[in-house]
Structures are given as structure tokens and as C-alpha cells.
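Trainee: FYI, the numbering for the sequence shown is 0 to 878, going by numbering that gives the first Met the number 0. Glycine included, each C-beta is placed from N, C-alpha and C at the ideal position. All values derive from a computational prediction rather than experimental measurement.
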Amino acid sequence: MVNTNHGKANYLAQSNALLRKNLAYQRRNKCQNCCLFVTPVLVLIILVVLQTYIEQQVRQNIDKQPPPILNPPELPVELQIATSDCNADSSEQFQTPDSLHVSYKNSSSCRATFLATGTNQSFGLDLVKYMFPTLSDEDSPDLLARLILGSYDVGIERQSYTDSNFYLQSNCDDNSSSLSNSEWTCMQGLTLWQNSSSKMNDEIFKSKTAWNSRGERTEFFTGAFDFLNSDTSNFNVTLWYDDNPFTSPTCILRLANMVSNAYLQYSQGNGTIILIDFIKNMPNHNYLTMPNIVALMSTLFFIWIVVWLFPVILQALVYEKQHNLRMMMKMHGLGDGAYWTISYGYFTIVSYIYMLCFVAFGSLLGLGFFTMNDYIIQFVFYFIYVNLQVSMAFLAATLFSNVKTASVVGYLLVFVTGLIGNFLFKALLEAPSFPEKWVIVLELFPGFALYRGLYELQMYAYEGSVVSSRGMQWQDLDNPSNGMKEVIIIMFVEWLVSLVFAYFVDRLSFSRFCFKKPSTLQRITSRLPSETQKADVIHEREIVEQLKLASTAGYAIVCDDIRKVYPTRDGNPPKVAVKGMSLALPQTGCFGMLGPNGAGKTSFISMMIGLTKPTSGTALINGLDIETHMHEIYSTMGVCPQHDLLWETLTGREHLLFYGRLKNLSGAALTEAVEESLKNLNLFYGGVADKQAGKYSGGMKRRLSVAISLIGDPQVVFMDEPSTGLDPASRNNLWNVVKRAKQDRAIILTTHSMEEAEALCDRLGIFVDGSLQCIADAKELKARYGGSFVLTITTTAEHDSDVEAIVNSLTPNAQKIYHLSGTQKFEVPKHEVRIADVFEAVEIAKNRFPVHAWGLADTTLEDVFIKVAREAQPFARLS
Numbered sequence: 000m001v002n003t004n005h006g007k008a009n010y011l012a013q014s015n016a017l018l019r020k021n022l023a024y025q026r027r028n029k030c031q032n033c034c035l036f037v038t039p040v041l042v043l044i045i046l047v048v049l050q051t052y053i054e055q056q057v058r059q060n061i062d063k064q065p066p067p068i069l070n071p072p073e074l075p076v077e078l079q080i081a082t083s084d085c086n087a088d089s090s091e092q093f094q095t096p097d098s099l100h101v102s103y104k105n106s107s108s109c110r111a112t113f114l115a116t117g118t119n120q121s122f123g124l125d126l127v128k129y130m131f132p133t134l135s136d137e138d139s140p141d142l143l144a145r146l147i148l149g150s151y152d153v154g155i156e157r158q159s160y161t162d163s164n165f166y167l168q169s170n171c172d173d174n175s176s177s178l179s180n181s182e183w184t185c186m187q188g189l190t191l192w193q194n195s196s197s198k199m200n201d202e203i204f205k206s207k208t209a210w211n212s213r214g215e216r217t218e219f220f221t222g223a224f225d226f227l228n229s230d231t232s233n234f235n236v237t238l239w240y241d242d243n244p245f246t247s248p249t250c251i252l253r254l255a256n257m258v259s260n261a262y263l264q265y266s267q268g269n270g271t272i273i274l275i276d277f278i279k280n281m282p283n284h285n286y287l288t289m290p291n292i293v294a295l296m297s298t299l300f301f302i303w304i305v306v307w308l309f310p311v312i313l314q315a316l317v318y319e320k321q322h323n324l325r326m327m328m329k330m331h332g333l334g335d336g337a338y339w340t341i342s343y344g345y346f347t348i349v350s351y352i353y354m355l356c357f358v359a360f361g362s363l364l365g366l367g368f369f370t371m372n373d374y375i376i377q378f379v380f381y382f383i384y385v386n387l388q389v390s391m392a393f394l395a396a397t398l399f400s401n402v403k404t405a406s407v408v409g410y411l412l413v414f415v416t417g418l419i420g421n422f423l424f425k426a427l428l429e430a431p432s433f434p435e436k437w438v439i440v441l442e443l444f445p446g447f448a449l450y451r452g453l454y455e456l457q458m459y460a461y462e463g464s465v466v467s468s469r470g471m472q473w474q475d476l477d478n479p480s481n482g483m484k485e486v487i488i489i490m491f492v493e494w495l496v497s498l499v500f501a502y503f504v505d506r507l508s509f510s511r512f513c514f515k516k517p518s519t520l521q522r523i524t525s526r527l528p529s530e531t532q533k534a535d536v537i538h539e540r541e542i543v544e545q546l547k548l549a550s551t552a553g554y555a556i557v558c559d560d561i562r563k564v565y566p567t568r569d570g571n572p573p574k575v576a577v578k579g580m581s582l583a584l585p586q587t588g589c590f591g592m593l594g595p596n597g598a599g600k601t602s603f604i605s606m607m608i609g610l611t612k613p614t615s616g617t618a619l620i621n622g623l624d625i626e627t628h629m630h631e632i633y634s635t636m637g638v639c640p641q642h643d644l645l646w647e648t649l650t651g652r653e654h655l656l657f658y659g660r661l662k663n664l665s666g667a668a669l670t671e672a673v674e675e676s677l678k679n680l681n682l683f684y685g686g687v688a689d690k691q692a693g694k695y696s697g698g699m700k701r702r703l704s705v706a707i708s709l710i711g712d713p714q715v716v717f718m719d720e721p722s723t724g725l726d727p728a729s730r731n732n733l734w735n736v737v738k739r740a741k742q743d744r745a746i747i748l749t750t751h752s753m754e755e756a757e758a759l760c761d762r763l764g765i766f767v768d769g770s771l772q773c774i775a776d777a778k779e780l781k782a783r784y785g786g787s788f789v790l791t792i793t794t795t796a797e798h799d800s801d802v803e804a805i806v807n808s809l810t811p812n813a814q815k816i817y818h819l820s821g822t823q824k825f826e827v828p829k830h831e832v833r834i835a836d837v838f839e840a841v842e843i844a845k846n847r848f849p850v851h852a853w854g855l856a857d858t859t860l861e862d863v864f865i866k867v868a869r870e871a872q873p874f875a876r877l878s
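Rendered as C-alpha cells:
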């Protein structure tokens with residue numbers, strides 16, 4: 000290992016390290032990046048291909064285009080009379096369709112039937128008398144203009160009728176003979192009064208469901224009139240007509256003319272009339288219109304393309320959070336300023352490049368959405384929205400802790416935003432009655448603001464392609480009907496607000512001061528009673544008290560009655576994980592923490608490395624308080640967590656380069672430190688160093704985590720079970736690395752391997768149920784808690800009593816701890832027997848009965864651990 004301390008990395012060094020890591024990470028995700036940038040290109044190509052195909056189809060039909068109409072013909076203003084009007088009989092009372100007489104013998108028996116209603120019945124009945132004019136004997140030049148003309152509905156077969164054109168009168172008699180030789184035939188007009196508009200509505204509906212004798216659906220009524228509250232001084236009428244594909248505008252015009260003339264003649268006399276000779280269409284070039292599919296469909300597709308970046312950024316941020324990589328970087332010295340500057344700037348630049356490719360490729364394809372609108376407006380619009388989207392992604396990342404959940408929500412938001420915007424928000428924008436203030440309220444949602452901006456660009460491009468050959472320009476922003484200006488303002492304000500809010504929420508999420516002390520925890524005793532503590536634990540506490548009064552110089556770690564209590568949850572009582580631990584460790588050496596699962600070792604380390612806040616007490620690392628100076632401590636600390644916190648797509652070398660830069664290594668010193676770390680941990684040869692960490696075995700990941708914790712010469716290192724999953728050769732190699740590293744730094748190591756503890760640790764502390772039971776080196780612990788030999792003798796079962804007699808002859812204080820099928824184990828106090836006496840006793844036994852095997856062993860550290868753990872359990876339960 001290169002053990003040269005380069006001091007704390009400054010802001011630029013941290014930013015450089017994170018930026019290089021991000022670039023390396025992106026190189027490893029080439030496929031995802033290619034898919035990301037290719038998606039908008041494919042969408043644009045599909046739209047252009049579709050537009051080209053439609054234009055080709057239109058051009059192929061140009062020859063089939065009808066010739067231009069230079070002088071449109073004159074069209075008579077006439078009614079469209081349903082053929083089933085023939086079903087009406089001569090009675091003045093309306094009969095239901097089922098009871099009407101059917102006759103097809105003579106078209107002259109047909110009648111054009113109308114319905115009428117109103118609140119003033121007497122007025123209405125007087126008015127309908129003037130509905131159909133009576134033909135005069137005078138030969139008037141405007142005769143046809145005075146008549147109500149009509150023809151059969153063109154949607155009904157007319158082969159059964161000899162005549163097809165009619166003029167309506169009250170009665171068809173000899174007075175109508177002046178037109179008998181023309182193409183117009185007299186038809187009687189009949190108006191039937193209904194008591195209410197609802198009654199009239201029901202009768203019309205019933206008539207549409209009737210069938211004639213030939214099995215054809217019938218249509219009884221040519222039109223209907225609702226005079227509402229009309230009287231002699233007020234004329235207000237609603238026209239009812241049959242809206243079908245064959246209805247001509249002339250029919251509606253003639254209905255209006257009928258009722259208007261009736262009112263004029265009723266109020267002003269028979270001489271007052273509105274004449275309508277004919278109507279005429281405008282001249283028509285019959286140009287063939289080519290629909291602009293790109294302009295019409297761009298808003299929906301483009302909003303999906305732009306918002307597509309949101310779940311991508313969200314996934315990357317939540318990935319670091321879920322795998323605790325953000326906290327791992329923080330523990331190795333990465334500050335919040337550098338993290339936010341590089342991460343925010345990195346995602347923003349990637350988004351800019353994405354949008355630049357989108358606009359550039361769309362422009363190269365010649366899409367009017369891009370080429371017709373001012374590029375500066377587009378730049379400002381996309382610039383503000385990209386920043387808003389990135390800041391919203393940072394804010395949303397604080398709400399998720401799982402990448403899959405964040406991905407589902409992110410992509411669902413993409414599609415839902417596009418669909419709701421296109422099918423609901425667009426309709427509200429185009430609805431004249433929808434209040435503008437509510438449109439602005441909806442635009443507060445960033446997706447709708449984006450949709451409104453794209454919609455405005457689309458409409459200007461579409462209108463420009465049809466009318467003015469120009470899209471949106473800067474002066475168009477002042478147009479009151481243009482919503483682009485308000486959208487830009489809304490997004491700019493939301494960008495600033497969401498960015499500040501996201502930064503402070505992120506700081507709270509990773510701030511150690513966001514953990515509050517529950518008031519119920521203060522009633523719990525902070526430490527074990529002194530009579531239950533061992534002398535060495537009491538001595539360690541006294542050392543800490545002395546250091547508090549003097550100076551902690553010469554000590555890397557000083558824990559002052561540090562304590563961790565997890566609050567009540569799900570009805571369970573508070574859990575005391577660490578019970579007032581005091582510890583003083585010198586600047587060099589390795590301190591090992593032993594203890595069963597759940598004893599509190601990991602909770603203790605979590606407090607020391609800043610993952611959780613102590614409930615009470617504190618600790619000093621290199622003289623700095625973990626309560627107030629954790630950021631400074633991180634620059635001098637290395638951590639090997641219990642679970643490997645690695646980027647799956649980064650190589651082992653890239654991991655070490657990144658964390659080395661965070662420890663202010665650079666140039667040749669960085670390269671040398673990385674190379675030596677890889678060699679020492681057996682990760683250098685065979686291409687392992689340049690292999691992605693996601694393809695490492697569990698043991699290789701563990702060795703890489705140890706190498707990361709030691710890179711850059713940290714003064715204090717925490718290793719939580721570093722040899723888990725290692726084979727014997729790799730474990731021995733790891734031990735050699737730790738032995739060299741502890742010569743000039745303090746290491747706290749937790750392990751379940753007694754062999755590892757004896758090989759690496761200068762002092763050991765046995766941790767049981769949150770409290771420290773003893774502190775000493777391995778030899779002293781074995782001497783204190785294992786002051787006996789273990790004598791094992793195996794013989795036949797009938798000689799068990801003889802074996803017991805021989806052992807009792809050596810010392811009456813021997814205790815039998817194992818007995819099975821002739822094999823017995825005894826604990827023999829060391830101070831009461833000599834090893835020579837044991838050998839002599841066994842030789843005597845061999846002469847008296849067969850001894851198949853025997854052995855004498857000293858107490859192991861494992862025996863000590865088991866004994867201390869068993870003794871501590873009663874006190875742990877009492878506490």
C-alpha cells in the first residue's frame with residue numbers, strides 16, 4: 000500500500016473524481032444511451048415516411064381531381080320532403096304512425112307535415128295559418144320566389160313517383176292550375192299543433208321508429224317549429240330539422256324563410272314577404288389539400304420524446320440511493336456541493352445534447368415544426384424545460400427507494416402525460432368557454448406546460464405551412480391568444496423553486512441531524528450497573544474520562560458513553576442496540592469486535608461512520624466530534640461496509656481511481672496506489688482489474704471493498720466482517736494486507752472468525768446484547784476466561800468410572816463437560832495440575848484398561864467467546 004497522506008480533496012478534486020466516474024459509467028452503458036438517442040430519431044423518421052406516403056397517394060389522385068368551377072350554378076331554395084308524408088290522412092288531428100293510412104297510388108295525396116308548439120298557443124295557431132301561401136291567378140314574374148318549393152329526400156329511392164318537385168299550399172285545388180303544366184306539382188302543407196316541446200319530441204321520435212307496409216322505415220315530418228314565448232311584439236323561434244347526410248343547407252334556409260314570412264304576413268299583412276330566388280356557391284379552384292400529418296401529430300409524439308428523459312434520470316439517482324452508493328461516496332469525502340454541481344450539470348448537459356440532436360435531426364428532415372419556428376424561441380423553451388425536468392427528477396428521487404418502482408412510475412408518467420394532454424388538455428385549450436385562469440392552473444403541472452408549449456409551436460408551424468410560410472417569431476409572444484409566454488414564465492419559476500426545494504430535501508435526507516431523539520428514550524438507563532461490568536471495561540471508561548479532561552492526542556478514536564436506541568415500532572418496545580459504550584483506541588493497531596449476531600456491532604459502526612445518529616453520547620475521531628465535524632472526518636476515514644456497495648458496470652480499477660481521487664490522489668501517486676492495491680488484494684492479474692464489478696464473485700467483491708477502504712492512506716478504517724465469503728488463500732492474503740495497514744493507522748474490525756481475530760487484532764472486545772463485556776488481547780482473554788486445560792479420554796464404556804477416578808485424583812475441581820459412548824471431556828484448572836502429572840496419570844490408566852485415544856488442549860478464543868456470551872446473557876436480559 001502507498002501510505003502517503005495527501006490531505007483533504009478540495010472541491011475541484013472531488014468534482015473531477017465524480018465527473019470521471021460518471022463518464023466511465025456512461026461508457027459502460029453504451030447500449031442504453033444509444034437506445035435513448037435513437038428513439039426520437041426513429042419517431043421522426045416514421046412521421047416523415049408517413050407524410051411522404053400520404054403525399055404520394057394524393058399526387059397519384061391529382062388526375063382524378065374535378066375541374067375548377069368558375070361559375071357555380073344557381074340552386075333553388077327548397078325543402079327535402081320525406082316520402083312517408085304520403086301516409087298522412089285528411090284529418091286535422093294528428094294520429095300515431097301505426098294508425099295512419101298508407102297509400103302509394105297518387106303522389107298528389109301526399110302532404111308535407113310539420114309540427115308546431117309554443118307557450119302561447121293562440122298566437123301559434125294564428126301564425127301557422129300564414130305558413131303556406133295561396134297561389135294567385137296573377138302571372139307574377141317572381142312566382143317561384145313566392146312559393147315554398149320542395150323535393151323528395153334524395154336519400155330515398157324515387158322510382159315509385161311520377162313527380163319529384165313540389166310547391167306547398169294550404170289546399171291543392173283549381174287555384175293551383177297555373178303551374179299544373181310545369182315541372183312543379185302542388186302538395187298540401189299541414190301543420191299540427193303539439194302541447195309541448197317534449198310531446199313534439201316524443202312524436203318525432205316515434206315516427207322515426209315506424210315502418211310502412213313495404214317494410215321501409217318511415218319519415219313523417221318535414222320539419223318542426225317551437226315558437227317558445229313568441230307573441231305579437233316578440234318573435235323567438237327554434238327550428239327543428241332532420242339532420243342526416245342528405246340534408247341540404249337550402250332546406251334549413253327554406254324553413255327559416257317559411258316561419259319568417261308567416262310572422263311578417265301575420266303582423267304586417269299579406270303583401271309583406273321575404274323573397275328568395277336561389278343560392279349560389281362561390282367559385283372553387285378545387286385545389287387538392289395535402290394533410291400535414293407531422294404538424295397534426297407532433298404534439299403527442301414530441302411530448303413523449305422530451306419527457307422520456309425523466310425516468311432515465313430518475314432511475315440513475317434512485318439506483319445510487321437504493322444501493323447506498325451516495326452514502327458510500329459521502330463517507331469517502333465527497334461533499335454535497337461537488338455532488339450537486341456535477342450530478343445536476345451532468346444530467347443537464349446530457350439532456351441538452353439529447354434535445355439538440357432532436358431539433359437538429361428534425362430540421363435536417365425538413366420538418367416545419369423545427370424549421371418554421373424561431374430557433375431562439377425553441378432553445379429558450381427547451382433550455383428551461385430541461386432544467387425543470389432535471390430538478391424535478393432530483394426532487395422525485397427523494398420519494399423512492401427502489402429502482403423498479405421509480406421506473407414504473409416514471410414511464411407511466413410519460414405515457415399518461417402525453418395521453419391526457421392530447422385528449423383532455425388539448426380539448427380544454429380549444430374550448431372557448433373554458434376559463435383561461437384554469438388553463439394556467441393546469442399548466443402548473445410541468446407536463447401540461449410542456450404540452451402547451453409544443454402545442455403552440457405545432458399550431459404556428461401548421462398555420463405557417465398553409466397560410467404565411469412562417470411559424471412562431473419573437474413578436475408572436477405578445478399575442479394574447481399565444482400561451483408560449485406564460486408557459487415559459489411558469490416553467491422558469493418552477494425550475495428555480497423545485498431546484499432549491501430539491502437541494503434542501505436532499506440535504507435533509509443525508510443529514511445526520513434529521514434524526515430526532517424520541518423523548519421516551521431518555522427514561523432508559525444509559526449504561527449497565529457498575530457491579531455487572533468487568534474490571535477492564537471499567538478501566539477503559541476511566542481512560543476515556545481522563546482523556547476528556549486532558550487531551551485526546553495520540554488516540555485515533557475516543558468513544559464517550561455512546562448509545563443507540565431504536566424507537567418504538569409496530570407496538571414493540573424500544574430496542575437498545577448499544578448501551579453506553581466507552582472506548583479509546585490509539586492511532587495505530589487493530590481493534591477487533593466479537594459478538595453474536597444482533598449484538599450491536601454494526602449499529603456501533605453505523606454511528607461511527609455517520610449512517611445513524613447516536614441517541615446519546617458522542618465520539619471523537621482524530622479529535623473531531625462525529626456530531627459536528629463528520630464532513631471533515633470523512634476525508635480521513637475508510638470504510639469497508641458489511642455489504643459490498645459497488646457500481647455493477649464499473650471495473651475494479653475504475654472504482655479505485657474514483658475513490659483515490661476523492662482522497663486527493665492524482666497523477667503518478669494515484670496510479671501507483673491503484674496498482675499496488677490491486678496487486679495486494681490479488682485483483683491485478685488475469686484481466687480482473689478491468690472486469691466489471693457486476694461480474695465479480697462474492698469474494699472478489701469483498702476484496703475490492705477492502706481495497707477501497709484502504710486507498711488514499713486513511714487514518715481510521717472501519718471493516719465490517721471483511722473476510723466473509725473468502726477462500727482460505729484469499730483470506731490469508733487479506734490478513735497480510737491488514738497486518739501491514741495497521742502499522743500506521745487505526746482499524747476497527749468486526750468478525751465471527753476467532754482465527755481472524757487472533758491473527759489481526761491487537762486488542763479484542765466481546766460485545767453481547769449492546770454492551771462491551773471485556774477488552775484485552777487474545778492471550779489475556781484466554782488466560783482470564785480460559786484458565787483450564789481440556790482433557791479428553793476415549794475408552795470403552797465399562798471403564799467410564801475408572802476415567803473419572805483418575806481425573807479426580809489429579810484435582811477434585813475438574814468438571815466433566817462432555818460424555819458420549821466412552822468419550823469424556825474434562826476441564827482441569829491450570830493452577831492445580833502440572834502437564835507432567837497428566838501424562839503420568841494417563842500412562843497408569845493405559846496399564847489398567849484400554850485407552851483408545853486421549854488429548855490435552857489449551858482453551859481456545861472460541862471457548863472464551865462462548866463462555867463470556869453465556870455469562871453475559873442474564874445481565875443482558877435484566878438490563
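In angstroms with no decimal places, state the Cα-to-Cα distance between V415 and G446.
Mentor: 10 Å
Trainee: When DSSP labels each residue in this structure, what does K425 get in the three-state scheme?
Mentor: helix
Trainee: Compare the beta carbon distance of I746 and C558 with 8 Å and say whether it is the shorter of the two.
Mentor: no
Trainee: In this structure, how does DSSP classify C589 when only helix, strand and coil are distinguished?
Mentor: strand
Trainee: Relative to the alpha-carbon of F301, which residue among M354, L252 and K694 has its alpha-carbon at the smallest distance?
Mentor: M354
Trainee: Which residue comes first and which comes last in the beta strand (DSSP E) that contains E720?
Mentor: Segment: none, E720 is in no beta strand (DSSP E) and carries neither H nor E.
Trainee: Tell me the rounded alpha-carbon separation between I673 and L387.
Mentor: The residue asked about is misnamed: residue 673 is Val in this sequence, not Ile. The alpha-carbon atoms of V673 and L387 are separated by roughly 39 Å.
Trainee: Exposed or buried, which one is V407 when buried takes at least 16 other CB atoms within 10 Å?
Mentor: exposed
Trainee: Less than 8 Å between the C-beta atoms of F122 and S259, yes or no?
Mentor: no
Trainee: What distance in whole Å lies between the Cβ atoms of I375 and I487, which are believed to be in contact at a cut-off of 8 Å?
Mentor: In fact, because the Cβ distance is near 12 Å, the residues do not count as touching under 8 Å.
Trainee: Do you know whose CA, among G149, N679 and A667, lies nearest E77's CA?
Mentor: G149
Trainee: Go ahead and pull the three-state DSSP assignment for R783.
Mentor: When DSSP states are grouped into helix, strand and coil, R783 belongs to the helix group.
Trainee: State buried or exposed for Q742, treating a residue as buried only when at least 16 other CB atoms are found within 10 Å of its CB.
Mentor: exposed
Trainee: In three-state DSSP terms, what is P828?
Mentor: In the structure shown, P828 falls within a strand segment according to DSSP collapsed to helix, strand and coil.
Trainee: Do you know how far the Cα of R701 is from the Cα of L725?
Mentor: Distance between the alpha carbons of L725 and R701 is about 8 Å.
Trainee: Sort out for me which residues DSSP pairs V408 with in a bridge.
Mentor: The partner list for V408 (beta bridge, DSSP) is empty, contrary to what the question assumes.
Trainee: Alpha carbon to alpha carbon, how far is V311 from A775? Give it in angstroms, no decimals.
Mentor: 53 Å
Trainee: How about the segment 642 to 655 and the segment 699 to 719: do they share at least three Cβ pairs that are nearer than 8 Å?
Mentor: A contact exists between the segment 642 to 655 and the segment 699 to 719.
Trainee: What residue from E720, Y502 and G482 has the CA that sits closest to L441's CA?
Mentor: G482
Trainee: Residues in its own chain within less than 6 Å of G854 by CB, not counting five upstream and five downstream?
Mentor: The answer, listed in chain order, is T791.
Trainee: Quick check: the segment 565 to 585 against the segment 600 to 610, are at least 3 beta-carbon pairs closer than 8 Å?
Mentor: yes
Trainee: Taking only three categories from DSSP, how would you classify D761?
Mentor: coil
Trainee: Per the contact definition of three or more C-beta pairs closer than 8 Å, is the segment 343 to 351 in contact with the segment 445 to 461?
Mentor: Verdict: no, contact absent.
Trainee: Confirm, please, whether the CB-CB distance from Y262 to D125 is below 8 Å.
Mentor: no
Trainee: Is it the case that the Cβ atoms of M629 and P713 are separated by a distance below 8 Å?
Mentor: no
Trainee: Does the separation of the CB atoms of I341 and S634 fall below 8 Å?
Mentor: no
Trainee: Mapping the DSSP letters down to three states, classify E932 as helix, strand or coil.
Mentor: The first residue shown for the chain is 0 and the last is 878, placing residue 932 beyond what the model contains.
Trainee: Select from A501, S665 and V716 the residue whose C-alpha is nearest the C-alpha of T749.
Mentor: V716
Trainee: Is it buried or exposed, Y880, if we count other Cβ atoms within 10 angstroms and call 16 or more buried?
Mentor: Any property of residue 880 remains undetermined from this structure, which presents the chain solely from 0 to 878.
Trainee: Who pairs with S164 in a beta bridge, going by DSSP?
Mentor: Ser is not the amino acid found at residue 164; the sequence shown has Asn there. Paired residues: S150.
Trainee: Using only the alpha-carbon positions, how far apart do E826 and I542 sit?
Mentor: 35 Å
Trainee: I think G764 touches C773, with their Cβ atoms under 8 Å apart; what is that distance to the nearest whole Å?
Mentor: Contact between G764 and C773 holds: their C-beta atoms lie close to 7 Å from each other, under 8 Å.
Trainee: Starting from G854, follow its DSSP beta bridges and name the residues at the other end.
Mentor: T791
Trainee: Verify whether the separation of the beta carbon atoms of V385 and F369 is less than 8 Å.
Mentor: no
Trainee: Give the C-beta separation of L582 and I556 to the nearest angstrom, bearing in mind that I take them to be a contact with Cβ-Cβ under 8 Å.
Mentor: Going by Cβ atoms, the distance from L582 to I556 rounds to 7 Å, so yes, they are a contact pair.
Trainee: Going by DSSP, what residue range makes up the alpha helix (DSSP H) through Q321?
Mentor: L308 to Q321
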